[in-house]
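Structure first, then comments.
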(Lines of atoms letter the chains of each structure in order from A and count residues from 1; the text may use other names and numbers.)
(Lines give C-alpha, C1' and ligand atoms only; values in the text may rest on other atoms or scores of the structure.)
Protein backbone atom coordinates (compact mmCIF):
# COMPACT_ATOMS: atom_id res chain seq x y z
CA UNK A 1 0.00 0.00 0.00
CA UNK A 2 1.49 3.37 -0.99
CA UNK A 3 2.34 5.89 1.70
CA UNK A 4 0.31 9.08 2.08
CA UNK A 5 3.20 11.01 0.52
CA UNK A 6 3.16 8.70 -2.52
CA UNK A 7 -0.60 9.13 -2.83
CA UNK A 8 -0.11 12.90 -2.79
CA UNK A 9 2.59 12.61 -5.44
CA UNK A 10 0.22 10.61 -7.65
CA UNK A 11 -2.51 13.21 -7.12
CA UNK A 12 0.01 15.94 -7.92
CA UNK A 13 1.00 14.14 -11.11
CA UNK A 14 -2.65 13.91 -12.19
CA UNK A 15 -3.24 17.59 -11.40
CA UNK A 16 -0.07 18.57 -13.29
CA UNK A 17 -1.13 16.60 -16.37
CA UNK A 18 -4.56 18.28 -16.20
CA UNK A 19 -2.92 21.71 -16.04
CA UNK A 20 -4.10 22.36 -12.48
CA UNK A 21 -0.75 23.65 -11.26
CA UNK A 22 -2.01 25.14 -8.00
CA UNK A 23 -3.39 21.77 -6.91
CA UNK A 24 -0.24 19.98 -8.08
CA UNK A 25 1.87 22.44 -6.10
CA UNK A 26 -0.21 21.86 -2.96
CA UNK A 27 0.02 18.07 -3.30
CA UNK A 28 3.79 18.03 -3.87
CA UNK A 29 4.33 20.48 -1.00
CA UNK A 30 2.41 18.28 1.41
CA UNK A 31 4.29 15.20 0.17
CA UNK A 32 7.58 17.01 0.89
CA UNK A 33 6.37 17.91 4.37
CA UNK A 34 5.51 14.26 5.03
CA UNK A 35 8.77 12.89 3.64
CA UNK A 36 11.45 15.44 2.75
CA UNK A 37 13.96 12.68 1.92
CA UNK A 38 12.36 11.78 -1.45
CA UNK A 39 13.94 13.77 -4.26
CA UNK A 40 11.09 13.12 -6.70
CA UNK A 41 8.72 15.28 -4.68
CA UNK A 42 11.04 18.29 -4.87
CA UNK A 43 11.79 17.57 -8.52
CA UNK A 44 8.10 17.44 -9.40
CA UNK A 45 7.42 20.62 -7.48
CA UNK A 46 10.26 22.26 -9.43
CA UNK A 47 8.43 21.34 -12.64
CA UNK A 48 5.31 23.10 -11.36
CA UNK A 49 7.32 26.17 -10.42
CA UNK A 50 8.79 26.23 -13.93
CA UNK A 51 5.29 26.16 -15.43
CA UNK A 52 4.30 29.06 -13.16
CA UNK A 53 7.54 30.98 -13.89
CA UNK A 54 8.46 30.83 -10.19
CA UNK A 55 12.14 30.72 -11.12
CA UNK A 56 13.66 31.02 -7.62
CA UNK A 57 11.43 28.31 -6.22
CA UNK A 58 12.20 26.06 -9.20
CA UNK A 59 15.93 26.62 -8.69
CA UNK A 60 15.62 25.83 -4.97
CA UNK A 61 13.62 22.64 -5.48
CA UNK A 62 15.91 21.43 -8.27
CA UNK A 63 18.93 22.03 -6.06
CA UNK A 64 17.23 20.15 -3.21
CA UNK A 65 16.58 17.18 -5.51
CA UNK A 66 20.21 17.24 -6.64
CA UNK A 67 21.45 17.22 -3.05
CA UNK A 68 19.17 14.32 -2.16
CA UNK A 69 20.41 12.38 -5.20
CA UNK A 70 24.09 13.15 -4.65
CA UNK A 71 24.18 15.39 -7.72
CA UNK A 72 23.37 12.52 -10.07
CA UNK A 73 19.98 13.55 -11.44
CA UNK A 74 19.96 14.85 -15.02
CA UNK A 75 16.33 16.05 -14.78
CA UNK A 76 17.20 18.11 -11.72
CA UNK A 77 20.23 19.58 -13.49
CA UNK A 78 18.10 20.45 -16.50
CA UNK A 79 15.32 22.01 -14.44
CA UNK A 80 17.81 24.01 -12.40
CA UNK A 81 19.35 25.24 -15.64
CA UNK A 82 15.93 26.33 -16.93
CA UNK A 83 15.21 28.11 -13.65
CA UNK A 84 18.54 29.91 -13.79
CA UNK A 85 17.87 30.89 -17.38
CA UNK A 86 14.51 32.31 -16.25
CA UNK A 87 16.29 34.28 -13.53
CA UNK A 88 18.67 35.72 -16.10
CA UNK A 89 21.62 33.81 -14.62
CA UNK A 90 22.92 32.66 -18.00
CA UNK A 91 26.45 31.88 -16.83
CA UNK A 92 25.04 29.76 -13.98
CA UNK A 93 22.65 28.06 -16.40
CA UNK A 94 25.56 27.21 -18.67
CA UNK A 95 27.31 25.48 -15.75
CA UNK A 96 24.80 22.69 -16.24
CA UNK A 97 26.60 21.82 -19.44
CA UNK A 98 29.88 21.15 -17.63
CA UNK A 99 28.06 19.28 -14.84
CA UNK A 100 26.38 17.05 -17.40
CA UNK A 101 29.55 16.56 -19.44
CA UNK A 102 31.57 15.73 -16.33
CA UNK A 103 29.07 13.09 -15.24
CA UNK A 104 28.68 11.64 -18.76
CA UNK A 105 24.91 11.41 -18.46
CA UNK A 106 23.00 9.92 -21.36
CA UNK A 107 21.64 13.15 -22.77
CA UNK A 108 18.26 13.54 -24.38
CA UNK A 109 16.92 16.15 -26.75
CA UNK A 110 15.59 18.07 -23.74
CA UNK A 111 19.08 19.41 -23.11
CA UNK A 112 19.34 20.92 -26.59
CA UNK A 113 17.28 23.96 -25.58
CA UNK A 114 19.39 24.64 -22.53
CA UNK A 115 22.66 24.15 -24.36
CA UNK A 116 21.63 26.70 -26.98
CA UNK A 117 22.27 29.54 -24.53
CA UNK A 118 25.44 30.59 -26.35
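In full-length UniProt numbering, the protein residues as written are 1 to 118.
Beta carbons are placed, not taken as given, at the ideal position from N, Cα and C, and that holds for glycine.
Nearest-angstrom Cα separation, counted from residue 49 out to residue 24: 10 Å
CA nearest to the CA of residue 76, picked from 59, 89 and 85: 59
For residue 63, the nearest candidate out of 3, 39, 52 and 51 (CA to CA): Taking the Cα of residue 63 as reference, the smallest distance to any Cα among 3, 39, 52 and 51 is reached at 39.
Beta-carbon gap between residue 12 and residue 54 smaller than 9 Å: no
Delimiting residues of the alpha helix (DSSP H) encompassing residue 164: The structure shown does not extend to residue 164, since the chain is modelled only from 1 to 118, so the question has no answer here.
Own chain, CB closer than 7 Å to residue 17, minus 5 neighbours either side, in chain order: none
Contact set for residue 65: own chain, Cβ-Cβ below 7 Å, skip 5 residues either direction: 39, 42, 43, 46, 73 and 76
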